[in-house]
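Report on one structure; see the data block that follows.
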Amino acid sequence: MQLLQFLAAVFASLVVVWATDNGLQKIVTWDNGSLIVNGERVIIMSGEFHYQRLPVPELWLDVFQKFKANGMNTISIYFFWSYHSASKGKYDFTTPGKDIQRLFDAAKEAGLYVIARPGPYCNAETNGGGFALWTSDGSGGKYRTSDATYQQVWSEWIAKIGAIIAKNQITNGGPVILAQVENELQETRYDANDTLVLYMEQLKTAFKESGVVVPLTHNEKGFRSKSWSTDYNNVGGAIDVYGLDSYPGGMSCTNLDSGFNMPKTYYQWFHEVSPTQPEYLPEFEGGWFQPWNGYFYDQCMAEQSPEFADVFYKGLVAQRASLINLYMAFGGTNWGHSAAPVVYTSYDYAAPLRETREMRDKLKQYKLLTLFTRVSKGLHNTDMESNGTQNAVDSSAVWTWVLKDRNSDGRFYLAEHNSTNSKAVSDFALTARTSAGDVIIPSLQLAGRQSRWIVTDYAIGNETLLYSSAEVLTYGIFDHPVIVFYVREGQTGEFAFSTQSNITFEAFDTASDIRGISAGNFTSTKYTKFIYTQTKGSTAVRFSNGILAYLLDIPTAWTFFAPSTTPDPNVRPEQQVFVIGPYLVRSASIDGDTVSIIGDNANSISIEVYAGAAKTISWNGFELATETTPYGALIARIAGTEERKISLPALAEFKAADSLPEIAPAYDDSRWVIANKTSTLSPVKPLTLPVLFSSDYKFYTGAKIYRGYFSGSGVVGLNLTVQGGLAAGWSAWLNGKAIGYHPGNASLTLTTTAISFGNATLKEKGNVITVVTDYNGHDQTSTGPAGAENPRGILGAQLLGSANNSSSLLFDHWKIQGNAGGEKNIDSVRGPMNEGGLYGERLGWHLPGFDTSDWEMANPGTEGITGTGIRWFTTTFDLDVDEDLDVPLGIEVGAAGGTVARVLLYVNGYQYGKYLPHIGPQTRFPIPPGIVNMKGKNTLSVVIWSQTEAGAKLSTLRLFEYGKYQSGFRFSKIDGKSLQPGWEDRSGYA
Ligand SMILES: *[C@@H]1O[C@H](CO)[C@@H](O)[C@H](O)[C@H]1NC(C)=O
Ligand SMILES: *[C@@H]1O[C@H](CO)[C@@H](O)[C@H](O)[C@H]1NC(C)=O
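Printed below as a string of structure tokens:
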């Protein structure tokens, strides 16, 4: 071979992708630029979703379509072992909320890839971090090590879930492209014999043995350690694609000025730890969780700000990240007892998609980036060319990142404030390097927390943008190319095409000041540059080179959608339809002259559609009176919901019953479990015997009731230690009389109280103490000493005598009662974490169809409960919401200041709210359709546990709507019946 030929061959080979694969398949490969799926590069823009936190399978598609509509191409999913396995050896993948085949099918239908994260440990602020709760008695061995007992239990789960994931891999035509092993497990010692290294090896083997062939991943817990990368001190345990979790916002709910500091170290971190791999953020701040006694998400405006998405998400792509998953993109609800003690019922997370399934502005802003990365092929494989302040710009306040396409002259400049939390307005000029020489772009501006892309040599079909300081939202190839720009109202955008000078244009908006200026004299190339100040709304401009441009301000850009015409998550520019105006576009298809759009809308508005040759718009199945604009777009009006009246019934006509008969000395507890164990597998030792840890008697979730019997009259009190997780409380009665309680404390997992019996008269035999212990979940592994194996219930109960004789004062025996059937999972549809052991729960009073006809009339608002105790209130209400409407509903509760109570809300058998008036913060509880029947009858139970003699009642209790959308989604297809099994006789669990 001659030298020139040789060089040509070498050059040609550089363009070929030299991807790495894991030796098991070649459909998903990677290199240092990006993931490569079916031979094509793709920037993964993903959102985290937990189906467990939205137990209505029909709604999974609703959420996925909203992700897809907002430009995401992937969802990342945790699978909680706890939800599927109520007891050792038992697994449920068939009841509706656990039928994960439907989950994968919905992802595929929405055109999304899936990153599967089955644990076995997930953390996720879920009960026990996702460990099956039957391991919480200590039988799970040494969690998250290579311990043989632990390996035996998790192997059961990984074999089962792994096989389902395997079946749904992209290699089998499914959506799964990556699978994560474990979760934020820090590699602390680089030693092949370290238990964590051995554990990771065990997991990798188990995943592969279950049939998983897609690349395995893991997520580093922030910038703390350097774990499991094949490129970094690999002594074993390394996975295929390294990832880094990061929650850098540091924002406060009350102080909008705090936090907002975007790290500049991502590129360098990956460059050190995983240089041969793409930069993967398996979890990047989509929001943040809130604890008991914290703030409610709706108050946390900083976390919800669209500026956060603008600065942080763009800033990540500008540091070369090419796989980004927002944790959470939709948080959902910790219904039942699925929360870990660190969070309350809502898991809204201030996520881009609200718990109510409504889109926040942060999601709309994310879309401006996701649609850009979708079509910007030059961004899919770049080098970091330069970065810094005064780097290509004339301002020291402005930092730029400059990424250069490895395969073209294309460059991507991201300008941000050097101090990302700055609210200053900075004007600057940027010198862009283009194929036609350096171009100075004056009159750029950053107004506070803002980031701006400037592109050069950016291909749009056969045309090329020489440069643009107007941000590219996307472009499409129809009969001719259509490019969509966005700029903040009042700021300046400037761009030029590279192939032709003397381009003329026509702007279809008299308010626009767009003007063309001949430029480029400094090289042989001449071009026309176009400059404009963004006006309110949208301007269409047609250029003589055949390109149509939309100039959008930000609020209009938020209403822009680019539904794809392909089911492939990796969408090409020519596989899109453009729609401006509505609240949501779920899908679009073109059939002859008609473009059919399925979407949702709140306010009556005009929509504009660009779809090539189509002449008529159909919206949710209705043909619209459509006009064609002079530039070939279609315009029509769609109806809103302003005139659609929803009447929500008052919550009234309650029936009530006592839900605490167990305090009566004569209560028949003969069928209860005798608590007589003298040893436990738990790594935590009991303070007194017998062992009263609830897990040792196979009661895991919800309140537990204990009855302890003792003899003798010399007893004056009781020293009681109870552990129910943060903010959990308890109450105690002696021979039917209240003797003490703990209200719970948001920063205490465990509470100890010495209770005095006062002047209670004791019997020689058969005194009985009844203790009700509340439960806020099992701990995650970060809570010492034993994480999910930290016991729940009574840790110690020592009778106290008047003299120094306490240690000889023993209980005769103890009984324990928890959720009906314990780990038998008698309500498998709602699953193992829905219920607790309160009397009414055990008897199924929360279930639809339970007969309250012989109960008394009493209202939780006007009457409530007098003194201490637990009282159960049930009513029914009917809804009649039209089937084409999506009306997210909530229940609002409130209580007078000083109320010390624990309140549960049950809707059609689902515990969908826990309200602690004395701790807070949550008072509004969204209930999704399918849990609440939007057409038909509903059963609501309100359970009030009053902890003080002052009693408790609710000052607020009402249904309300969050919003009202006309929707093409088939909400009427939700099968509420299959989700809401009715009451059956449970008297055996009294
Ligand atoms: C690991 O343990 C094995 C068996 O105990 C031993 O033979 C080997 O030398 C150890 N390796 C290292 C690197 O410590
Ligand atoms: C800036 O770019 C240079 C050149 O690629 C690189 O060496 C350096 O690490 C980058 N700095 C940061 C903060 O990423």
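If you count by mature numbering (1 follows the signal peptide of the UniProt record, and there is no 0), then the sequence shown holds residues -19 to -1, 1 to 971, one letter each, in order.
Positions of the beta carbon are idealized from the N, C-alpha and C atoms, including for glycine.
None of the values given here were measured: they were computed from a predicted structure.
Beta carbon of residue i nearer than 8 Å to that of residue j
| i | j | result |
| --- | --- | --- |
| residue 381 | residue 362 | no |
| residue 491 | residue 946 | no |
| residue 583 | residue 612 | no |
| residue 98 | residue 180 | no |
| residue 741 | residue 700 | no |
| residue 868 | residue 904 | no |
| residue 392 | residue 445 | no |
| residue 977 | residue 964 | Nothing in the structure corresponds to residue 977, since the chain is present only between -19 and 971. |
| residue 459 | residue 486 | no |
| residue 908 | residue 957 | no |
| residue 882 | residue 809 | no |
| residue 804 | residue 681 | yes |
| residue 11 | residue 222 | yes |
| residue 348 | residue 28 | no |
| residue 887 | residue 642 | no |
Opposing strand residues paired with residue i [DSSP bridges]
| i | result |
| --- | --- |
| residue 104 | BP columns for residue 104 are empty, so no partner. |
| residue 470 | In the DSSP output, where bridge partners are listed per residue, residue 470 has none listed. |
| residue 383 | 367, 394 |
| residue 31 | BP columns for residue 31 are empty, so no partner. |
| residue 200 | 224 |
| residue 98 | 59 |
| residue 973 | Because the chain is modelled from -19 through 971, residue 973 falls outside the range shown and cannot be assessed. |
| residue 414 | 419 |
| residue 948 | 581 |
| residue 22 | 17 |
| residue 794 | 690 |
| residue 895 | 885 |
Residue i to residue j span [Cα, whole Å]
| i | j | result |
| --- | --- | --- |
| residue 115 | residue 84 | 25 Å |
| residue -5 | residue 259 | Low confidence applies here, because residue -5 scores a pLDDT of 47, under 50, leaving its location unreliable and the question unanswered by this model. |
| residue 220 | residue 100 | 14 Å |
| residue 374 | residue 456 | 27 Å |
| residue 289 | residue 432 | 10 Å |
| residue 517 | residue 470 | 6 Å |
| residue 632 | residue 934 | 14 Å |
| residue 379 | residue 404 | 12 Å |
| residue 795 | residue 249 | 60 Å |
| residue 645 | residue 736 | 19 Å |
| residue 21 | residue 337 | 36 Å |
| residue 261 | residue 142 | 24 Å |
| residue 37 | residue 961 | 11 Å |
| residue 428 | residue 407 | 6 Å |
| residue 225 | residue 91 | 27 Å |
Three-state class that DSSP yields for residue i in the structure shown
| i | result |
| --- | --- |
| residue 841 | coil |
| residue 115 | helix |
| residue 581 | strand |
| residue 65 | helix |
| residue 142 | helix |
| residue 612 | coil |
| residue 966 | coil |
| residue 185 | helix |
| residue 653 | coil |
| residue 808 | coil |
| residue 53 | coil |
| residue 689 | strand |
| residue 340 | strand |
| residue 1027 | Residue coverage of the chain in this structure runs from -19 to 971, which leaves residue 1027 outside it and unanswerable. |
Burial state of residue i, where buried means 16 or more other Cβ atoms lie within 10 Å
| i | result |
| --- | --- |
| residue 173 | exposed |
| residue 666 | exposed |
| residue 798 | buried |
| residue 503 | Unreliable positioning characterises residue 503 in this predicted model, as indicated by a pLDDT of 46, which lies under 50. A coordinate reading is not provided. |
| residue 243 | buried |
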